[in-house]
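Reading through the structure tokens given below for one structure.
Residue numbers (the working numbering), protein chains in the order written: chain W, 6 to 306; chain R, 145 to 497.
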């Protein structure tokens, strides 16, 4: 009797468990499908194409490492990849250095919430302007007839306009830093904002100076924000080609420009794919390294 | 949120993605794969009014897109307008069909050089109708460069260090090869390619900027940042309109020239709108309207009479209607070893200045 009375319960339970499973599938299905279709599949096809070669207009599939060997043995592929990597790193470091004081001031120097919101908007506002417009703007600032040169000449600092400001690596890094710094500001600010004022007050009550508070409390806690911002900026600057095309000099070739040309001029998709794979690998190495460093310097509270 | 609502939202989000592209080659409409400006409303609308054919244009960002989208791309497009160094690739790949010139009466009125040109001929058939062209001009700022030599040497002269701008294109490799005395610049041997590279490296200190768009060169010239360049006709015309004393030199080593042609995607010839478009875009009226948009040269010399006197004057000064000049320029041809040319060009650009 009692067994019969209890019998339906496992069914109900199983039913509930199945419903739970269906729900889980419904929620996890789309992100998993997204990951498979837009992450896994494209990268696998990238790898597949990079192992083949072109025969006139036809792609010939294969399993040859020839394209990878070429990248490492024939100039300019590896050299330009590292130069672009360097540009990305330099931009990330400069953007972080510029962003940090600004984020610090936003988090601790601006007292009213309204003023803070206003500063945040001002930091993000340039993002509403088109990327090309911002890059072009630097042409009018740095050009021989530009704002900087006009000021320098009229102030008598230089007799002739400086030719090196524009169409140089300097112009490329400056423009990239200008365009991408807001990413660092927002990322660092989000981290600093989380520091409770009580923590700072406690440190001060115990006799810590402002510098000590910055060095021993604020800086260590903000490291993840700095790294997150730097990684985003690095990835964007590493793969950029528009800025170097617009304001770079004759030698400021970026690896993405080469990739576009491989597609657009010589139709060598396999070699372009191999370079793409190398870029992904380099970025992955950098990410893993940063994660490793972050684990060692990060402070939790 | 209930499961059903979520499922409905997901369905609403993803189902539209499954909608099929509209069938190609539909009667009364044309799908055109082309450069921006080659299907401008200013001359497409009169075409639609006259023929009833609506035109849907898809724009390419670089020449290879013609190959990528037409070769094995399914029958999405009816017409395409590739440049002369790509036409043969499309013919060889079987992506296009031969043109029945009897159905394009206006094609007979195109300049002599565009009557069955080499880059559109194969197996005794013609595979396209020439549309636009441009001669790559060597230009100098006459205020800064008095009495320039009629030679490519001017682009290599260290008197103009940092004042030279070259087109960021394989054309600049061809230009160096012409200076090196290479006979067939579109089919160079390794040794010839190496000679061209050596010259390009020697030129680098003179180069301020490899220009990427014609507008960019306009700005460099307007700011007097550049005195010597290889350029498009639009650069000269824009400088003349602004009253600048910029002149063209005709190098004894020869000049390169590009040209785009309308080609019919395989199987699209049965769409009646296709031949109507080919004939219409060969008329002086449609080509004059096209010139207003692009500033390029057009294949029917009759188009000059449909332009305003000032523009006509500029084009006459550029000898855009002179058959003798057009026969002498070095028209772009298929470069079999395009990847090696590009690699050389990238090596030059990557080298330290």
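Glycine included, C-beta positions come from ideal geometry on N, C-alpha and C.
If the criterion is Cβ atoms closer than 9 Å, does the pair residue 58(W) and residue 275(W) meet it? yes
Whole-angstrom distance between residue 265(W) and residue 31(W), CA atom to CA atom: Rounded to the nearest whole angstrom, the C-alpha separation of residue 31(W) and residue 265(W) is 39 Å.
Going by beta carbon distance, what residues of the same chain come within less than 8 Å of residue 332(R), once the five residues before and after it are set aside? 321, 326, 340, 481, 485
One question on the structure: do residue 412(R) and residue 209(R) come within less than 9 Å of each other, judged by their Cβ atoms? Between residue 412(R) and residue 209(R), the C-beta gap is not smaller than 9 Å, which leaves the two residues out of contact.
Closest to residue 477(R) by CA distance: which of 445(R), 231(R), 195(R) is it? Nearest of 445(R), 231(R), 195(R) to residue 477(R), Cα basis: 231(R).
Identify every residue that forms a DSSP beta bridge with residue 174(R). 199(R)
Does the beta-carbon distance from residue 260(W) to residue 82(W) come in below 9 Å? For residue 260(W) and residue 82(W), yes; Cβs fall inside 9 Å.
Given that residue 410(R) touches chain W, what residues does it touch there, using C-beta distances under 7 Å? Residues of chain W passing the Cβ test: none, with the nearest at roughly 14 Å.
Use the C-beta contact count for residue 129(W): other C-beta atoms within 10 angstroms, 16 or more gives buried, fewer gives exposed. exposed
Mind pulling the beta strand (DSSP E) runs of 3 or more residues that sit fully within the stretch 321 to 362 of chain R? 351 to 355
What does DSSP give as the partner residues of residue 309(R) in its beta bridges? Beta-bridge pairing links residue 309(R) to 353(R), 373(R).
I want to verify the contact list: residues of chain W whose CB lies under 9 Å from the CB of residue 206(R), in sequence order. 265, 266, 268, 269, 270
Straight-line CA distance for residue 324(R) to residue 343(R)? 8 Å
Chain W contact residues for residue 348(R), given Cβ-Cβ distances below 9 Å: 255, 256
Opposing strand residues paired with residue 523(R) [DSSP bridges]: Residue numbering for chain R in the displayed model covers 145 to 497; residue 523(R) lies beyond these limits and cannot be assessed.
Could you say if the stretch 402 to 421 of chain R and the stretch 241 to 251 of chain R meet the contact criterion of at least three C-beta pairs nearer than 8 Å? The answer is yes - the stretch 241 to 251 of chain R touches the stretch 402 to 421 of chain R, with three or more Cβ pairs under 8 Å.
Where residue 252(W) falls, given that 16 or more other Cβ within 10 Å makes a residue buried: By the 10 Å Cβ count, residue 252(W) comes out buried.
Tell me, which residues are paired with residue 269(R) by DSSP? 266(R)
Beta-carbon neighbours of residue 354(R), restricted to chain W and to distances below 7 Å: 255
Quick check: is any heavy atom of the ligand NAP less than 8 Å from the C-beta of residue 99(W)? For the ligand NAP, the structure offers nothing, since it holds no ligand at all.
Does the beta-carbon of residue 470(R) have 16 or more other beta-carbons within 10 angstroms, so that it is buried, or is it exposed? buried
Anything in chain W within Cβ reach of residue 236(R), meaning under 8 Å, just list it in chain order. Going along chain W in sequence order, the residues near residue 236(R) (Cβ under 8 Å) are 61, 62.
Specify whether the stretch 210 to 218 of chain W and the stretch 119 to 129 of chain W touch according to this definition: at least 3 beta carbon pairs, one from each stretch, less than 8 Å apart. no
Once you ignore the five residues that flank residue 287(R) on each side, which residues in its own chain have a CB closer than 7 Å to its CB? 389
Residue closest to residue 274(R), alpha-carbon to alpha-carbon, out of 252(R), 337(R), 334(R), 398(R): 252(R)
Coil, strand or helix - residue 169(R) by DSSP: Any reading at residue 169(R) needs caution, since the residue's pLDDT is 46, under 50, leaving its predicted position unreliable; the model's value is listed next. Here residue 169(R) sits in coil by DSSP.
Could you name the residues of chain R that residue 85(W) contacts, counting a contact when the two beta carbons are closer than 8 Å? The CB of residue 85(W) comes closer than 8 Å to the CB of 490, 494 in chain R, given here in chain order.
Cβ neighbours of residue 229(W) in the same chain (closer than 8 Å, five flanking residues each side left out): 196, 299, 303
Determine contact between the stretch 88 to 101 of chain W and the stretch 180 to 196 of chain W, defined as no fewer than three beta-carbon pairs at a distance below 8 Å. yes
Check this for me: beta carbons of residue 433(R) and residue 186(R), under 9 Å apart or not? yes
Can at least three beta-carbon pairs, one atom from the stretch 113 to 122 of chain W and one from the stretch 153 to 164 of chain W, be found at a separation below 8 Å? no
Mind pulling the alpha helix (DSSP H) runs of 4 or more residues that sit fully within the stretch 109 to 150 of chain W? Counting whole runs of 4 or more residues, the stretch 109 to 150 of chain W contains the alpha helix (DSSP H) stretches 118 to 129, 136 to 147.
May I have the straight-line CA-CA distance separating residue 250(R) from residue 430(R), to the nearest angstrom? 12 Å
So what does residue 405(R) bridge to, in DSSP terms? Per DSSP, the beta bridge partners of residue 405(R) are 274(R).
Judging by CA-CA distance, which residue of 26(W), 193(W), 223(W), 149(W) is the nearest neighbour of residue 164(W)? 149(W)
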